[in-house]
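Q:
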Amino acid sequence: MALTGLEVFKLLPNTNCRECGFATCLAFAMRLAAKKIEAEECPYLSEEAKEILGASAVPPIRLVEIKSGDKSVKIGEELVMFRHEKKFFHQTAFSVCIDDSEDEREITEKLEKIKKINFERAGEILKLDLIAVKDTSGDKQKFCKTINLIKNFIDLPLILFSENPEIVTVGLEEIPDDKPLIYSANNENWEKMTELAKKYNASLAITAEDGLKGLSELSERIKNKGFENIVLNPKCRSLTEILTNYTLIRRLSLENNYRNLGYPIILYLENEDNFINSAVGICKYASIVVFNDVNDWEYLPLLTLRQNIFSDPQKPLQVEPGIYKVGEPDESSPVFVTTNFSLTYFIVSTEIEGAGFSGHLIITDAEGLSVLSAWSAGKFSGEIVGKFVINSGIENNISHRNIIIPGYVAVISGELEDSLPGWNVYVGPQEASDIPSYLKEVWSKEN
Amino acid sequence: MSKIIASAAIRGAHKIFSRAETLLKETVKKNGESREVKFPGTAYYLPVVYALTGKKVERLCDMYEPLNQAKSLLPKIPSENLWLPYLGDALDAGIATLIAEEIIEALKFVNGNEPINGIWLGPTTDAVLREQGIKLVDGRMPGFAACVGAPKTKEEAVKLTRDLQERNILVFMSSHTNGVSMAEQLAEEGIEMNWDTFLVPYGKDTSATVHALGFAVRAAMTFGGITPNGLKEAREILLYNKNRVHAFVLALGEVDDEKYATAAGAINFGFPVIADTDIPQILPTGICTYEHVVSNIPYNEMPSKAIEVRGLKIKITKIPIPVRCGPAFEGERVRKENLAVEFGGKYTTSFEYLISKGLDEVEDGKIEVVGPEIDDVEEKARLPLAIIIEIAGRKMQKDFESILERHIHTFLSQAMGVMHLGQRDINWIRIGKEAKNAGLKFKHLGILLRAKLLSEFPAIVDKVQVTLYTNEEDVKRLYPAAKSAYEERDKRMGELTDESVDTFYSCQLCQSYAPNHVCVITPERLGLCGAYNWIDGKAAYEISPHGANQPIKKGECLDSVKGKWKGVNDFVYERSNNTLPSFSAYSMMEDPMTSCGCFECIAGVLPGTKGIMIVDREYQEMTPSGMTFFNLAEFVGGGQQTPGFIGIGILYIVSKKFISADGGLKRVVWMTKNIKERLKDKLAERAKEIGEEDLLDKIADESVTTELEPLIEFLNNVNHPALKMEELF
Amino acid sequence: MEIEIPIKKWSGKIRAVTIGTEKNGITIGGEDTLPFHHFEGSIPNKPIIAFEVQDIYPSDWLDVVKEPYGEYLKNPIEWAKAAVVKYNADMVCLNLLSTHPDRENRSADEAAELVKNIISEIDVPLIIKGPGSSEKQNQVLNKCGEAGAGKRCIIASAVEDNYKTITAACQAYGHIVVAETPIDVNLAKQLNILISDMNFPPGRIIIDPLTGGLGYGLEYTYSVMERIRLQALGGDAMLQMPFICFVGQEVWRVKEVKVDESVEPLWGDMKKRGICWEAATAITLLLSGADILVMRHPEAINIVRKSVGRLMEK
């Protein structure tokens, strides 16, 4: 049973020393109760408090960090089965696999592509997170060479993809300051692998043949060696099995507090169903997906899906306030205004473009609320919108002074006219889907 | 039930039954009993017989069984001295009558005296039934009137017809009065009668009335998905009609025994009878939703009486005013240079007052302007104004007056060229030149208000009458009553206590992003967003019974101090998807109410002070808790119980039930200036009530400090009452 | 050490709905567990993909989507036949777009005629989708309901402000009604109650939770479907209806499927990207409980159909 903020507070020294970085012990307690910080960040915690807090704070799914320099990928520490229950905290890390048997040119080409994958969407950068190096050659030197090639080219944390402890050892030696993920330990090599992971601060993926049972036994043995940065690789023969095993692992750890499987999951894709399997993995509990190969056109949809699923259901995605060009607007193109809720922005701009129009779309700062919510919260009043429009400098870009507002906030039209002297306010449709007919039927006839 | 009516109905039933019996015998003799018999264009055999008995009549011989059933239903004709024939008997007689009548009508097809003849259309086909019936079901047609007999004159017949047509009521005509039928009256006046004009002459015999009920039963079978199979299904069909088919009988002219018998049949369907003659009334409600028989109604009042008695809901599809109307015009301003006329503002006395009255006190659709009209005054004139709206409705309650009245603003603002600001006696209305040029009159404001009230609040508003006074003396004369009503309402709201009601209301509007959050709105604790109080919740539930505001029966009180009730706990548990087993209305420390995220303010404990702080949404700086409003919002929102912290509507702070289990207002040691400013008078009043007159000065705000240690020092200096209280946790 | 597999038994069950006639009927729904949770419940019917066919040449469709249908697009009957014969459609969704007042404003009678013809030409169950404009929606769906009487089509859609006429038509002509609400559990439930209150059998209602395409609100649809399903399985009878998701229309108008790789080289081949966009949207919706997916591109449909097969393996 999780402790409430006040219960946590009672365990703190209540000195308001601020050494943790927060103004009060209460503020620290609330964050700790919400599992947003670690108890250790309080320097004055009593031993007793540590024990209580430690026990109550151990996340049911362990947080695992894979690092290289200041690039860090965190996975695990999930708290819910369904995103609406709170949110999914750490998004599925995407990794592309580099085969050390390929020649340098091929590898460089692949790396160049990986480097370029960088899309901006709804105020976030979508890109790949990890690179896996696979020991296909079986040659230590080649393995090391490939690692170096990658490291020189791109600064992403690595997955050392090998079941051979000797190869893994040389790999680890190449990157002594990183915290890579070793993929993977199995019933034969686990002791050596665990030692290596411990020694080099790496994390360790584990694979077992005998379903969840085998996996659980292996993780327990490794844990008994004092090592816990584990990532699970349940072997699955079918898509149904992926869904089943991943769901059960999540359920066992969250609802049954089954610690042996309380670790993030890695999904390695090698066959032709990469695209679909990874989509399933993103939705259903894979913390890492490793692609042997990805087609160019698959990146954007998969990264977008990940962004969707891992967005916070209680905190709408926002776009940066400002003037956006839809299509290729000129000085006579219409001016629209709406809020910075990303979905509103996307849909409005899609509809304008879909109607075959170009326009200037002014996005105000409404804390990511939708139009009606923003208006009722007082963040989309005539005055606020008017000020924003003037400050945006749009007047320099256009020859007219007409602005279209969302139909749901028709009530602000008068107030907006007051705060935008010389402008005509047009009340557009309530639903974005009616923008095309509005532009064709109303706007075009009047302008 | 009136003995006169019951006796007459039973006598009529016997007559009709024996006529059917004889006719069947003769027809069988002539044609043999395997002769086919059917109504054209229907797959429902003889629909009434089929619906009421489950029997599929396809041949003459199939008629024996239903006719026997009818016979078994026939009560004895009551003798002069027996004081007993009552509703049940008359209703049975009615059913028997309908079965017999339909058999009579069906036999006409066999015997060659076709009911489809000249102006008479005879039984309805399934195709027409489906096309027209959908309108009945979806509300485009509010109902149908089965007119039996004829009004006294042709002119009156025409007028009555027009009144019904205007309201989109489908008109069925049958029977006659002394040889004159209504359909013939209309035909003589050159009125076109068919399914397109909604005027349907069934037949001149009283028995043709059964086709109206044939229409009704097929509506139940087609749109209610009920398949006849005997008594149980028959009852379902009758109930379907009672609840969904808003039909009524207009008895025109003298009512003879056969008409009584047929009317008794209709009452089984929940169709009341409205008569122009002075027949005995049957008022108590039983079978019909409201009254069964009302009599002596003048023709011009018949439609509106029918609407009232049958609970018809008229749908206004197009509001007849000369300017456009819609949400797009809501915020539009009418500027000085464009002004035709204005009311109120700081210039004249102007107020709007909505009042609920009895059903017979309100004449629906009556819109009157007392005083000058728009064309009587010069441009830019400033006039006094009193808008008096009288509302009647079976479900209307005094408490809803203020809620409906608040909508005047939206309704008037939606007319192009009309600007409305404020409310009650501080309103300000402007009408622009363009609207005036388009032909807008003051009267149209009344028409608009009526139409909107009826269409937006069909569940509670049945009748609307609007009077606009634009002359000084009337406005002055009427104002005091309105003013005292405003005061009365405010007082009532203030007097409503949680103890005085047995039902609270929920609000689940925000579950879209806080899936387990349930707002519990009590008279003394408004919704945390500040937008909904208890009366709003109650009205919203009446208006939309399956909507986001549901009644919560308090049930057994488990803890009167903390505000825990069994009914509330059960409700919250279920609606929070089984996550919140217990809820306290008056404590922020134990099982406090959850929050969605819309709260106006957050109240939270301040360790070391024994008190709490309250911060509002507008204030974005640091608070003594070490957290800003938005830091706090992250922990308080999302539908989780966070002991020590609650999201609240600002007015809750001055409620007597404000964290009353935790010590109430005295616990407040810090609040933002915004809140102090907004609640100034009310806070002072509350402080006085709890005997801490100078409490407001002892509550710190951001100008005193935003840090905990200086706050504690301040509290000690002013000797804040919280310091003497028990620890909160 | 054996692991105790945590199996959930739900008290609720999704209603099975049969679409079409005795001859060509397809049943959806009927599951008593979460999507593809074969390990703890029964999923008697697989999700179905319906091909979207429009009643008019889809001039606004991308070439990418038009190309597989070629000349057939010029005649909706040929188009529907091609979907069935060439691409093995299990179901066809006839979108009566041209009846919209802002479009060609074709009459309800014309639409009804087309429905009749399509029904006589193809032997798979039909979804009839109105133009959405409320007055016209009623006229069109009423007439088309009549034209398809007894064929147990799916009629889309009834909404909170306009459900009575369509429900009455579905009742009178024996069809299945789609109840569409804007991504909200309580509104979905409310509309189902309102429709059932008209004496309409709950077993003939399908929920349209309103679909957001990938990148355009998909996560909202995804979560609201998960919530509705959980509540339904938890025993809420007024949410135990199957889902229909109109995928194609949402996907094929977004920027990400329209921009050519010459403009955005990193986005990769436009055609394949579009197909992936539609497939990814569909797969995500399947995982949250979709029972019928209405889609456009045959290749995307093929991918999803194969995936359904894999997800239905026990």
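Residue numbers (the working numbering), protein chains in the order written: chain H, 4 to 450; chain Y, 469 to 1197; chain W, 36 to 349.
All residues carry an ideal CB built from backbone N, CA and C; glycine is no exception.
Every value quoted in this text rests on a predicted model; they were computed, and no experiment measured them.
#1: State the DSSP-derived secondary structure class of residue 933 of chain Y, mapped to helix, strand or coil.
#2: Please report the Cβ distance between residue 860 of chain Y and residue 830 of chain Y, rounded to the nearest whole angstrom; I am assuming they are in contact, meaning their Cβ atoms lie under 8 Å.
#3: Leaving out five residues on either side along the sequence, give the residues of the same chain with a beta carbon under 7 Å from the beta carbon of residue 174 of chain W.
#4: For residue 266 of chain W, go through chain Y and note every residue whose CB falls closer than 9 Å to its CB, in chain order.
#5: So which residues on chain H does residue 801 of chain Y lean against when the C-beta distance must stay under 9 Å?
#6: Along the chain, where does the beta strand (DSSP E) containing residue 1012 of chain Y start, and where does it finish?
#7: Taking buried to mean at least 16 other C-beta atoms within 10 Å of its own C-beta, is residue 570 of chain Y buried or exposed?
#8: Taking C-beta pairs closer than 7 Å, name the residues in chain W that residue 1016 of chain Y reaches, listed in chain order.
#9: If I'm right that residue 887 of chain Y touches residue 792 of chain Y with Cβ under 8 Å, what's the distance once you round it to whole angstroms?
#10: How many Å lie between residue 1108 of chain Y and residue 59 of chain W at the Cα?
#11: With a 10 Å radius around its C-beta and 16 neighbouring C-beta atoms as the bar for buried, classify residue 403 of chain H as buried or exposed.
#12: Residue 708 of chain Y touches chain W at which residues, Cβ-Cβ below 8 Å?
#13: So residue 1055 of chain Y packs on residue 1072 of chain Y, CB below 8 Å; how close in whole Å?
#14: If distances are taken between C-alpha atoms only, which option among W:39, W:248, W:65 and W:150 comes closest to residue 161 of chain W?
#15: Rounding to the nearest angstrom, what Cα-Cα distance links residue 543 of chain Y and residue 475 of chain Y in this structure?
#16: The beta strand (DSSP E) with residue 849 of chain Y in it runs from where to where?
#17: Give a yes or no on whether 9 Å exceeds the smallest Cβ distance from residue 88 of chain H to chain Y.
#18: Buried or exposed: which applies to residue 815 of chain Y, given that a residue is buried once 16 or more other Cβ atoms fall within 10 Å of its Cβ?
#19: Give the C-beta separation of residue 975 of chain Y and residue 1005 of chain Y to the nearest angstrom, bearing in mind that I take them to be a contact with Cβ-Cβ under 8 Å.
#20: Please list the partners that residue 354 of chain W has in chain H, where partner means a Cβ-to-Cβ separation under 9 Å.
#21: Does the distance between the C-beta of residue 348 of chain H and the nearest non-hydrogen atom of the ligand COA fall short of 8 Å?
#22: How far does the beta strand (DSSP E) with residue 1090 of chain Y in it reach, from first residue to last?
#23: Quickly, what does DSSP pair residue 860 of chain Y with across the bridge? List them, please.
#24: Roughly how many angstroms separate the alpha carbons of residue 283 of chain W and residue 313 of chain W, rounded to a whole number?
#25: Tell me, please, whether the CB atom of residue 349 of chain H is closer than 9 Å to any CB atom in chain W?
#26: Rounded to the nearest angstrom, what separates residue 112 of chain H and residue 272 of chain W at their Cα positions?
#27: Please determine, among Y:1165, Y:1026, Y:1002 and Y:508, the residue with the shortest C-alpha to C-alpha distance to residue 1201 of chain Y.
#28: Just the C-alpha distance for residue 436 of chain H and residue 397 of chain H, rounded to the nearest angstrom, thanks.
#29: What do you get for residue 536 of chain Y, buried or exposed, if any count of 16 or more other CB atoms within 10 angstroms of its CB means buried?
#30: Quick test of the definition: if touching needs 3 or more C-beta pairs under 8 Å, does the segment 118-136 of chain H touch the segment 79-98 of chain H?
#31: Suppose contacts are defined by Cβ-Cβ distances below 9 Å. Is residue 223 of chain W in contact with residue 259 of chain W by that definition?
#32: Can you list the beta strand (DSSP E) stretches of 3 or more residues lying completely in the segment 202-255 of chain H, in chain order?
#33: In this structure, what does DSSP give as the bridge partners for residue 243 of chain W?
#34: Since residue 810 of chain Y sits in a beta bridge, which residues does DSSP pair it with?
#35: Going by DSSP, which residues form a beta bridge with residue 588 of chain Y?
#36: Are residue 114 of chain W and residue 268 of chain W closer than 9 Å when you measure CB to CB?
A: To lay it out plainly:
#1: Look at residue 933 of chain Y here: in three-state DSSP terms it is strand.
#2: Sure, about 4 Å apart at Cβ, within 8 Å.
#3: Excluding positions up to five away in sequence, the list reads 143.
#4: Correct list: 1045.
#5: Correct list: 416, 417, 418, 420 and 421.
#6: Counting along the chain, no beta strand (DSSP E) covers residue 1012 of chain Y, and no H or E run does either.
#7: Buried, by the Cβ-count rule.
#8: Simply 221.
#9: The pair is not a contact, with the Cβ atoms about 15 Å apart (cut-off 8 Å).
#10: Straight-line Cα distance between these residues: approximately 49 Å.
#11: Residue 403 of chain H should be labelled exposed.
#12: Per Cβ cutoff of 8 Å: 234.
#13: Contact flag wrong, Cβ pair sits at about 14 Å.
#14: Of the candidates W:39, W:248, W:65 and W:150, W:150 places its Cα closest to the Cα of residue 161 of chain W.
#15: A direct Cα-to-Cα measurement between residue 543 of chain Y and residue 475 of chain Y gives close to 10 Å.
#16: Taken as a continuous stretch (DSSP letters only), the beta strand (DSSP E) holding residue 849 of chain Y covers 849-851.
#17: Yes, contact with chain Y.
#18: Counting the other Cβ atoms within 10 Å of the Cβ of residue 815 of chain Y gives fewer than 16, which makes it exposed.
#19: Contact holds; Cβ gap of about 7 Å.
#20: Given that chain W is displayed from residue 36 to residue 349, the structure contains no residue 354 of chain W and the question cannot be resolved.
#21: Ligands displayed in this structure: none; no statement on the ligand COA is therefore possible.
#22: Counting along the chain, residue 1090 of chain Y sits inside no beta strand (DSSP E), nor does DSSP assign it H or E at all.
#23: For residue 860 of chain Y, the beta-bridge partners assigned by DSSP are Y:931.
#24: It is roughly 7 Å from the alpha-carbon of residue 283 of chain W to the alpha-carbon of residue 313 of chain W.
#25: Interface residue, yes.
#26: The C-alpha of residue 272 of chain W is placed about 56 Å away from the C-alpha of residue 112 of chain H.
#27: There is no way to answer for residue 1201 of chain Y, as the model of chain Y reaches only from 469 to 1197.
#28: Counting only the Cα atoms, residue 397 of chain H lies some 25 Å from residue 436 of chain H.
#29: Residue 536 of chain Y should be labelled exposed.
#30: The answer is yes - the segment 79-98 of chain H touches the segment 118-136 of chain H, with three or more Cβ pairs under 8 Å.
#31: With respect to the 9 Å criterion, residue 223 of chain W and residue 259 of chain W are classified as neighbours on the basis of their beta carbons.
#32: Within the segment 202-255 of chain H, the runs of beta strand (DSSP E) that reach at least 3 residues and sit entirely inside it are, in chain order, 206-211 and 233-237.
#33: Per DSSP, W:215.
#34: Beta-bridge pairing links residue 810 of chain Y to Y:850 and Y:898.
#35: Residue pairing by DSSP places residue 588 of chain Y opposite Y:585 in a beta bridge.
#36: At least 9 Å separates the beta-carbon of residue 114 of chain W from that of residue 268 of chain W.
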